[in-house]
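Below: one structure, written as structure tokens.
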Amino acid sequence: MEEGVVNEILQGPLRDVFDSKQLITDISGSGNNWAVGHKVFGSRYQEQIVEKLRKAAEHCDCLQCFFIIHSMGGGTGSGLGTFLLKVLEDEFPEVYRFVTSIYPSSEDDVITSPYNIILAMKELSEHADCVLPIDNQSLFDIISKINLMVNSGKLGSVVKPNSLVTSSAGALKKRQEKPFDAMNNIVANLLLNLTSSARFEGSLNMDLNEISMNLVPFPQLHYLVSSLTPLYTLADVHIPPRRLDQMFSDAFSKDHQLIRADPKHSLYLACALMVRGNVQLSDLRRNIERLKPSLQFVSWNQEGWKTSLCAVPPVGHSHSLLALANNTCVKPTFIELRERFMRLYKKKAHLHHYLRVEGMEESCFTQALSSLSTLIEEYDQLDATKSMPMPDVPRLSIAV
Amino acid sequence: MVSMSIVTVQLGQCGNQIGFEVFNTLLNDSHSPQGLCCKRENELYQVSCKERFFSEEENGVPIARAVLVDMEPKVINQTLSKAAQSGRWKYGQHSYFCQKQGSGNNWAYGYSVHGPKHEESVMNLVQKEVEKCDSLSGFFIIMSMAGGTGSGLGAFVTQSLQDQYSNSLRMNQIIWPYGTGEVIVQNYNSILTLSHLYRSSDALLVHENDAAHKICAKLMNIKQISFSDINQVLAHQLGSVFQPTYSTEGSFHYRRNPLGIDWQVQPHFSGHPTLGKMSLNKELHFNTSIANLVILRGKDVHSADLGGFKDPALYTSWLDPVNAFSVWKTQRAFCKYEKSAALVSNSQFLVKPLDMIVGKAWSMFASKAYIHQYTKFGVEEEDFLDSFTLLEQVIASYCNL
Chain S
1 MEEGVVNEIL QGPLRDVFDS KQLITDISGS GNNWAVGHKV FGSRYQEQIV
51 EKLRKAAEHC DCLQCFFIIH SMGGGTGSGL GTFLLKVLED EFPEVYRFVT
101 SIYPSSEDDV ITSPYNIILA MKELSEHADC VLPIDNQSLF DIISKINLMV
151 NSGKLGSVVK PNSLVTSSAG ALKKRQEKPF DAMNNIVANL LLNLTSSARF
201 EGSLNMDLNE ISMNLVPFPQ LHYLVSSLTP LYTLADVHIP PRRLDQMFSD
251 AFSKDHQLIR ADPKHSLYLA CALMVRGNVQ LSDLRRNIER LKPSLQFVSW
301 NQEGWKTSLC AVPPVGHSHS LLALANNTCV KPTFIELRER FMRLYKKKAH
351 LHHYLRVEGM EESCFTQALS SLSTLIEEYD QLDATKSMPM PDVPRLSIAV
Chain B
1 MVSMSIVTVQ LGQCGNQIGF EVFNTLLNDS HSPQGLCCKR ENELYQVSCK
51 ERFFSEEENG VPIARAVLVD MEPKVINQTL SKAAQSGRWK YGQHSYFCQK
101 QGSGNNWAYG YSVHGPKHEE SVMNLVQKEV EKCDSLSGFF IIMSMAGGTG
151 SGLGAFVTQS LQDQYSNSLR MNQIIWPYGT GEVIVQNYNS ILTLSHLYRS
201 SDALLVHEND AAHKICAKLM NIKQISFSDI NQVLAHQLGS VFQPTYSTEG
251 SFHYRRNPLG IDWQVQPHFS GHPTLGKMSL NKELHFNTSI ANLVILRGKD
301 VHSADLGGFK DPALYTSWLD PVNAFSVWKT QRAFCKYEKS AALVSNSQFL
351 VKPLDMIVGK AWSMFASKAY IHQYTKFGVE EEDFLDSFTL LEQVIASYCN
401 L
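Put into structure tokens, the structure is as follows:
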């Protein structure tokens, strides 16, 4: 809802990739206000949005899903973004809605981001098929670690240009500014790996609709924790088997998760492993067997693994792994978000900025809060089953 | 005397990948230099094999009697081109049907959405293949249980084949997924597939991925096992069953009916092609069988001692081994093996794996996990319960042998 970023893209190296007619901008921005983004700009631009979506959809032989990419902490991405979600559900009910949501780090300078986040989360819970939450703090930590390794020379030769973590702007070199380019690169690679099996051949393909089918056991519980390995290029292209197994181990370590969470010590509802490149079926199976004992799966999904093998690796790598987990480790994140929200809401701080927007009432806040609490409660109940013994479900008895 | 033909329907990624390996194996075997028998014998064998599985094109390149079906295009494209690249055989130019969006590993989507929508197109392709056969023996349907297309659409197509060609045999090759999943909802998809196929298929030939994997690892010593390796093992097993043989009556012609299942019960597969004479299982406890078929190929087939297979201890008490055991033979060797044997068995062998799948699916069903994904497309909780009931009955029946 302001022009700067879009203009920059249209003048940048990718300007030919985007259709300049397929854009909607405004001037003033949403002022980091979810209500402005959702209610004001939502209603103002609804018709245009629908029209442009229809135009894009017409070019598709077979439209399978929408990717919504936005941040949670601001006003446009968060507010208008979630408004868009509802529009997509109404206009294209059969098309999957995948949302990649960037959550701000706790040092974020937008004071009202907790409000924006909670208000947006209600929409995500109700209208998205699948959400991949990503924490800026995690991205930042990962980049910092890579910087450290590169500079300490542990990786041997210099990180290759055009590799996973550099862009042509050489963002790694600028250490004073926040390396958003490098961080965004990680998210971009996440999306690339997510769609690789749909774009390239492999011995075990996986489409996007299979992600939702396998990883969402109950409609509300559709928040997936993602991890990507390897995170840095390795100078040595011939990876000995030990390194390959390391890739699998890393996918489950908390340092590689894209949100601040530790899935290994929480409960898995389901897990997907999407492998790219020179990895064989036997490698995949061996690693699942190896890692299984250290992971806790819910009682009714003890062998809940979804796997895919794509033959084509990412550029500059010989192989890569994307792990998506439906895991109760999101709960602490959600609880923390709720606390941040409550700290502001209890004092009614900054509330007037929202309530003055037409269509906003206090009930919007209480409902959003309640939605999040219900979600946390559901994860709580699942966590409670962790320490319980396997329930004995009697089978049907048949008279022969 | 004309041999009867089989029309193969390959469904989904698994079905198409395996189907390719099967036709490849069949053709390579039929082209083997001499096959350790006289020239005339070899020629008879080749003619019979060709007639069953291939139709002839003008420039002499055999065309597989197959229909390829998938709900996304990549695998079919690969399969068609791999066959054409071999230069020795190919698929029919227009013998495939595909869509773009896949089935999402959702049995309900494959069965209730794709099935009705594409029934006409698929059955038209089948009809074209059937018309090319002088004499149709039946259908061989290759599909996996774990995914959405092979399983769901496969079950639907099998039913359509039953409706339209009720006098022809339907044999389904179903691939049992790895125990530690490939697909999270594989147990749901499996029980829905099995219960539906029980009503519309004549024979379910089962191949377990875990078993084939073990063969690759332990018997063949393959270090880096790929699906291609697994599929070649399966294709080899199938080839050793499907290639021409003589019936026990010692006729001068190869069996007319390659699917040749004369029994009411449904046989399933537990074959391991081995070199040398079939060695007897010396264990004290046998999986009780209803029927066993041994197929011998190559040298010394007529002098092989198969007495052990007629042991009453192998069979259920209400069957006389004479009625339950059959042998098919040919002196013509299979692939490069001087001697090879295959065993097709209908026994309690699969009770344990079946019981495991039903158990896991039941436990998931009890928590209602993923059910909304199925009800969304018209498969209700009742349909699940019906499937569970049927399969518990099957398990109980086999246990009571």
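Top line first, the protein sequences correspond to chains S and B. Here full-length UniProt numbering is used: the first residue of the first sequence is 1, the next is one more, and so on. Here full-length UniProt numbering is used: the first residue of the second sequence is 1, the next is one more, and so on. Backbone N, C-alpha and C define an ideal beta-carbon position, used for all residues, glycine too.
- B/MET143 is bridged by DSSP to B/ILE174.
- Contact check for S/GLN257 against S/SER294 fails: the beta carbons are separated by 8 Å or more.
- Separation of the CB atoms of B/VAL126 and B/ILE174 is rounded to 19 Å, and the pair is thereby denied contact status at 8 Å.
- Between B/LEU314 and B/PHE286, the C-beta gap is smaller than 8 Å, which places the two residues in contact.
- At a cut-off of 8 Å, the C-beta of S/ALA270 has a neighbouring C-beta in chain B.
- Contact residues of the region 56-76 of chain S toward chain B are ASP61, CYS62, GLN64 (C-beta to C-beta distance below 8 Å).
- With respect to the 8 Å criterion, B/ILE225 and B/ILE142 are not classified as neighbours on the basis of their beta carbons.
- By the 16-neighbour rule on beta-carbons within 10 angstroms, B/ARG52 is buried.
- In the DSSP assignment, S/GLY277 falls within the beta strand (DSSP E) that extends over 267-277.
- Counting of Cβ neighbours within 10 angstroms places S/ALA56 among the exposed residues, the total staying below 16.
- Scanning the region 90-168 of chain B for uninterrupted alpha helix (DSSP H) segments of 4 residues or longer gives 115-132, 154-164, listed from N- to C-terminal end.
- Looking only at B/ALA212, B/ILE222, B/GLY104, the smallest Cα-Cα distance to B/LEU238 is reached by B/ALA212.
- Interface flag for S/TRP305 against chain B is set, since a Cβ pair is found closer than 8 Å.
- If you look at S/SER71, you'll find it in the beta strand (DSSP E) that goes 65-71.
- For chain S, the residues of the region 202-225 of chain B that bring a beta carbon within less than 9 Å of one of its beta carbons are HIS213, CYS216, ALA217, ILE222, LYS223, GLN224, ILE225, in chain order.
- Bounds of the alpha helix (DSSP H) holding S/ASP380 are 362-384.
- Considering only B/SER48, B/PHE140, B/GLY12, B/MET364, the residue with the shortest C-alpha distance to B/THR158 is B/PHE140.
- For S/LEU148, the three-state secondary structure derived from DSSP is helix.
- Close CB contacts of S/CYS130 within its chain, under the 8 Å cut and outside five residues either way in sequence, are with TYR96, ARG97, PHE98, VAL99, ILE211, SER212, LEU215, VAL216, HIS222, LEU224 (chain order).
- By the criterion of a C-beta distance shorter than 6 Å, S/CYS271 is surrounded in its chain by TRP305, ALA325, once the five residues flanking it on both sides are discounted.
- Not one beta carbon of chain S lies nearer than 8 Å to the beta carbon of B/GLY19.
- At a cut-off of 8 Å between beta-carbon atoms, S/SER203 makes contact with chain B.
- For S/PRO133, the enclosing beta strand (DSSP E) begins and ends at 130-135.
- In the DSSP annotation of this structure, the continuous segment of the alpha helix (DSSP H) that includes S/SER197 starts and ends at 180-199.
- Assigned with DSSP and collapsed to three states, S/ILE259 falls in coil, not helix or strand.
- When secondary structure is reduced to three states using DSSP, B/CYS49 falls in the helix class.
- Not flagged as an interface residue toward chain S: B/THR193, since no C-beta distance is shorter than 8 Å.
- Just measuring C-alpha positions, the residue of S/ASN185, S/ARG285, S/SER106 sitting nearest S/ILE143 is S/ASN185.
- Contact between S/PRO391 and S/SER299 is confirmed by a C-beta separation of about 6 Å, below the 8 Å threshold.
- Collapsing the DSSP output to three states places B/GLY298 in a strand.
- Assigned with DSSP and collapsed to three states, S/LEU396 falls in coil, not helix or strand.
- From the listed residues B/CYS399, B/TYR398, B/VAL358, B/LEU401, the smallest Cα separation to B/LEU385 is found for B/VAL358.
- Just so you know, the alpha carbons of S/PHE180 and S/SER71 end up roughly 13 Å apart.
- In the DSSP secondary-structure assignment, S/CYS62 is not bridged to any residue.
- Look at S/GLU89 here: in three-state DSSP terms it is helix.
- Neighbours of B/TYR370 in chain S, taken as residues at a C-beta separation under 7 Å, are given in chain order as PRO217.
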